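Contents: one structure, followed by commentary.
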Amino acid sequence: MAPRPQPALQEIEAVRRADGESRSLAASLPRLVLEARRISANVIHGLHGRRRAGTGENFWQYRRFVSGEASQNVDWRRSARDDHLYVREQEWEAAHTVWLWPDRSKSMAFASKTARDSKLERALVVTFALADLLVAGGERVGIPGLMSPSSSSNIVDKMAQAILHDTATRSSLPPSFVPSALAEVVVLSDFWSPLSDIRAMLGGLSSSGAHGTLLQ
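Shown next, in the form of structure tokens:
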């Protein structure tokens, strides 16, 4: 039997760095969560309350199934007519959905000498604070490709756990997905991605009819 090839030194160092970064993030998250909650508690909630619908409200539209959602949300009858999975959604659900995307790519690890936190930590604080505020205002919050929309009172903890256990490659921009026409998408990033990639992302989101906000 041929001996197993030894990993290259560069690969070993990359694994060590990745392990260190993940441990550092795990150690920082409790503090970031607490800071986000303090911020949201001190902000006057200006979001207008939208009317919640009862279970008898008329069906509004189908939307694409998003990775991370529960499989019981899939409308199998509609999905059987296409190559994609679809979820049956009522209008109030679409109007109350906000997708938050914190950029966790390598460039976000930067911190200036005068700053306590890195760009990543600041982005997570803002993301968690927004999620807390939005859920308090009756919205459903999710992370594209990582966490399906939820209105849970412990939304910040759910998001923190989803981020900690994410095994996917860290990308600057959100994965390609199709939000509902009434949804909101907020992207928090340093936007160091190629301009063509940013344009493609914006084009894809705008074609769905969703509204968006970019926070640099």
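Numbered by the numbering used here, the letters in the sequence shown go through residues 243 to 458 in order.
Idealized CB from N, CA, C, for every residue including glycine.
Here the structure is a predicted model, which is why all the values come from computation and not from measurement.
C-alpha gap between V183 and E381, whole angstroms: A query on residue 183 cannot be resolved here, the shown segment of the chain reaching from 243 to 458 and no further.
V377 and S395 closer than 8 Å at C-beta: Yes. Within cutoff.
Residue from G387, L447, L437 with nearest C-alpha to E426: It is L447 whose Cα lies nearest to the Cα of E426.
Assigned exposure category for D345 - 16 Cβ within 10 Å defines buried: Buried, because 16 or more other Cβ atoms sit within 10 Å of the Cβ of D345.
CB contact flag (L424, A373, <8 Å): Not in contact: L424 and A373 (Cβ atoms no closer than 8 Å).
Coil, strand or helix - A442 by DSSP: Assignment of A442 by DSSP, reduced to helix, strand and coil, places it in the helix class.
Nearest candidate by alpha-carbon position, reference L444, set L415, S321, D432: Closest option to L444, Cα to Cα, is L415.
Sequence-distant residues of the same chain with beta carbon closer than 6 Å to L327, five excluded per side: Answer for L327: F307, V316, S321, listed in chain order.
V257 (DSSP reduced to helix, strand or coil): Here V257 scores only 47 on pLDDT, less than 50, and its place in the model is too uncertain to base an answer on.
Burial state of S390, where buried means 16 or more other Cβ atoms lie within 10 Å: Buried, by the Cβ-count rule.
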